[in-house]
Amino acid sequence: MTADTDVQYETHTVQTLRGTEAKSIAKWEADGWELISQTPGRIRTQLVFRRPKPKTPWRMYAIIGGVLVVIAIIIVIGSVLSSGAAEPKESPSASAAAPSDEPSSEPSEEPSDEPSDVSSAAPAVDTPLTIASSPDLAALLTSPDSVPASEAFAQKYAGQLIEFDGAIGAMNNHDGYTTRYDILIVNGDYSETHSNGGPTFQFRDVNITSDLNLTGDVPDTIGVGTNVHVIVRVGEYDPNNMLFQLEPVETRVL
3 MTADTDVQYE THTVQTLRGT EAKSIAKWEA DGWELISQTP GRIRTQLVFR
53 RPKPKTPWRM YAIIGGVLVV IAIIIVIGSV LSSGAAEPKE SPSASAAAPS
103 DEPSSEPSEE PSDEPSDVSS AAPAVDTPLT IASSPDLAAL LTSPDSVPAS
153 EAFAQKYAGQ LIEFDGAIGA MNNHDGYTTR YDILIVNGDY SETHSNGGPT
203 FQFRDVNITS DLNLTGDVPD TIGVGTNVHV IVRVGEYDPN NMLFQLEPVE
253 TRVL
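Heads up: the sequence shown runs through residues 3 to 256, numbered per my numbering.
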């Protein structure tokens, strides 16, 4: 029996702490994923899994499409038949009344020089939270990586902008693409010997040129070890791989 060469696979990359690889592998294999590579790092290990993509149920789609076509034909026929029905004539009582020569008792509205309340109201400003302005953000970035603290912050500040200095701790191609990446961002300056605290943030499936929104002096290359100042929008926290998702809004290389 020959192998099925038409099988297509989807891949998934997981970052897990050193020493917990077996637990993560068992979890993902229980969900039907197959481990294909394991790359240990200084603090975390990258695990890459794959599983066959589900086959597209083309036959079911064809049946549904046929049903939708029949329904559309019925609607068109009903619309054509209903358009031929005579519309009721307008009742004489519904005709417009003749204009009166009597002056109106209501005073005419004069333009006012006073500013309206609506125009004077300032629009809401989406100001980024910083360590100086937000005790919650300061605690998140300076405390040890904590799943409960990260989950609580993600739920409380979902969609809010935050701003801090960080560094690119890891950078891998996203699902085999050559121009899209999964980038890990750590708090503070880059270091190979110690952690500055806080969770491991991730820019998932981003293009450096268009998605990072680079400002200022942009170097020729950006990679692991590059220190950056970021303004980002708070996303979800995934406790399974301990990654805090962020959406880059502005990135400046330090």
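In this text, a Cβ means the ideal position worked out from N, Cα and C, and glycines have one as well.
Checklist entry - Should Arg46 go down as buried or exposed, given a rule of 16 or more other Cβ atoms within 10 Å for buried? => result Its Cβ being crowded by 16 or more others within 10 Å, Arg46 is buried.
Item to check | DSSP three-state assignment for Pro113, whether helix, strand or coil | outcome: No answer about Pro113 holds up, because its pLDDT of 48 lies below 50 and its placement is not dependable.
Checklist entry - For Ile187, which three-state DSSP category applies? => result In the structure shown, Ile187 sits in a strand (DSSP, three-state: E or B).
Next on the checklist: Mapping the DSSP letters down to three states, classify Met62 as helix, strand or coil.
Outcome noted: Of the three classes helix, strand and coil, the one that applies to Met62 here is helix, per DSSP.
Item to check | Beta-carbon proximity list for Gly199, same chain, < 8 Å, skipping 5 on both sides | outcome: The residues are Leu143, Thr144, Ser145, Pro146, Asp147, Asn189, Gly190.
Checklist entry - How about Gly163 and Asp138: are their beta carbons less than 8 Å apart? => result Note on residue identity: the sequence assigns Leu, not Gly, to residue 163. Against a cut-off of 8 Å, the Cβ pair of Asp138 and Leu163 comes out as no contact.
Checklist entry - Can you tell me whether DSSP reads Ser145 as helix, strand or coil? => result Here Ser145 sits in coil by DSSP.
Checklist entry - Helix, strand or coil: how does DSSP classify Gln162 here? => result When secondary structure is reduced to three states using DSSP, Gln162 falls in the coil class, being assigned neither helix nor strand.
Checklist entry - Can you name, in chain order, every residue of its own chain whose Cβ lies under 7 Å from the Cβ of Glu153, other than the five neighbours on each side? => result Excluding five sequence positions before and after Glu153, the CB atoms of its chain that fall closer than 7 Å to its own CB belong to Tyr239, Pro241, given in chain order.
Item to check | Which residues DSSP lists as bridging Glu252, in chain order | outcome: In the DSSP output, where bridge partners are listed per residue, Glu252 has Ile233.
Checklist entry - So is Pro201 buried or exposed if we call it buried at 16+ other beta carbons inside 10 Å? => result Residue environment for Pro201: buried (at least 16 other C-beta atoms within 10 angstroms of its C-beta).
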